[in-house]
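Visitor: If you read the sequence shown in our numbering, its first letter stands for residue 43, the second for the next number, and so on.
Every residue, glycine too, gets a C-beta built ideally from N, C-alpha and C.
Dumping the structure here so I can ask a few things about it.
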Amino acid sequence: MAYGVETRITASTETLGVVGHPVRHSLSPILQNALLDLLGIDACYHAFEVPPRSLSQAIRGAAALGFRGLNVTVPHKPSAAELCDYLTEESRTLGVANTLLFRQGKIHGHTTDPMGFLYPLRARGFALQGKNVILIGAGGAARAVAYACAREGAATIRVLNRTPEKAADLIRSIGPLFADCHLTAASLSHDELRSACEDVDLMVNATSVGMWPHVDNSPLPEDVELPQGILAYDLVYNPLRTRFLRQAEARGLATQDGLDMLIYQAIASLEFWFEKQIQDWEELAKRVRPVLERALSQELRSLEKGVAKNGADLP
Ligand code: ATR
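Put into structure tokens, the structure is as follows:
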């Protein structure tokens, strides 16, 4: 305390951040700074808007400045992996890095998305071993989900995507790594959904369908009935209650929104940066979630106002 002013940042405070394009709407600075506070870690987390042409310079510059590490988000995750000296198994398999650690002149890359996806399931006691999964989507997020489910021992994963060739690509790259998991691909059609629903335990929306401002869209047509007893998991968190989750709730099903995945992948990043085990992830997540819910509803309100004023879609 100097001159009655509280100063948290000192010369020994470590620097962390996220690079993305765009990144101005990212919740990561609020989330990570709240986690750092709760954990009592002397570090500060910022958001950096970096276009693709400057990515390498930005990452090497951050390393040169002595940053502890960075998160990497859209569209940089594949390029970031290429800049790393070392990659964890997850990163190598998925060809992406969302977390970079700078240590002794080397860049270590990891992706915390698979762990972020799995942890909310663990926290609710849902074991993937032997389960049948419908995975809607075949982009970067869906790859992380397929990898995580297969690694946890899911019996089958049916990947349905608007562009079926991408679903086929996904299973070609992940399938051969997990002999005990039967991965299949198809188009996201009524018929495919209906037949996949005949034997399923977990349905995951890993597309961007239902994200603000298209909040009335769902990857699931109204006339496809979800079977009883399954868990519906939406990776979308803006809004929290997507149309897909509302459809599931209307059938009395258990649901999981995408905000916990965001929180758990952030905790996993902290473990990677500080190279130590963080205790009680669930308690941390519980404490930080209301902070994020508030930030999210403020963000959505300001986006709504922007649309009302400008009549245009914002990012
Ligand atoms: P991310 O990294 O978040 O996964 P992405 O790689 O761009 O983002 O993938 C977006 C996913 O959402 C894809 O599976 C995409 O389907 P296509 O492969 O056919 O493009 C899916 N998606 C986006 N908009 C969609 C829509 N309106 N209907 C169905 N699927 C959609």
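#1: Below 7 Å, is the gap between the Cβ of PRO120 and the nearest heavy atom of the ligand ATR?
#2: Where do the ends of the beta strand (DSSP E) carrying ILE83 lie?
#3: In angstroms with no decimal places, state the Cα-to-Cα distance between ARG50 and HIS67.
#4: Given this structure, state the Cα-to-Cα distance separating ASP79 from ILE309, to the nearest angstrom.
#5: For GLY179, verify whether its CB is less than 7 Å away from any heavy atom of the ligand ATR.
#6: Based on DSSP bridge pairs, tell me the residues matched to LEU244.
#7: Cβ of ASN255 within 7 Å of any heavy atom in the ligand ATR?
#8: Do SER121 and LEU97 have their C-beta atoms within less than 8 Å of each other?
#9: Compare the C-alpha of GLY147 against each of TYR45, ALA104, VAL201 and VAL114 and name the closest.
#10: For LEU345 and LEU338, what's the separation of their Cα atoms in angstroms?
#11: What does DSSP give as the partner residue(s) for THR198 in the beta ladder?
#12: Relative to the alpha-carbon of LYS360, which residue among PRO156, ARG193 and ASP155 has its alpha-carbon at the smallest distance?
#13: Where in the region 268-340 do unbroken runs of the alpha helix (DSSP H), each at least 4 residues long, occur, reported from the N-terminal end onward?
#14: Straight-line CA distance for GLY59 to TYR87?
#15: Which term fits ARG343, buried or exposed, when burial requires 16 or more other beta carbons within 10 angstroms of its beta carbon?
Guide: Looking at the coordinates:
#1: Not one heavy atom of the ligand ATR lies closer than 7 Å to the C-beta of PRO120.
#2: Unbroken run through ILE83: none, as it is neither H nor E.
#3: 24 Å
#4: 13 Å
#5: yes
#6: VAL175 and LEU273
#7: For the sequence presented, residue 255 should be read as Pro rather than Asn. PRO255: no, Cβ never under 7 Å from the ligand ATR.
#8: yes
#9: ALA104
#10: 10 Å
#11: ASN174 and HIS224
#12: Because the chain here runs from 43 to 357, residue 360 falls outside it and cannot be looked at.
#13: 285-292 and 301-316
#14: 5 Å
#15: Counting C-beta atoms within 10 angstroms of its own C-beta, ARG343 has fewer than 16 neighbours from the protein chains shown and is therefore classed as exposed.
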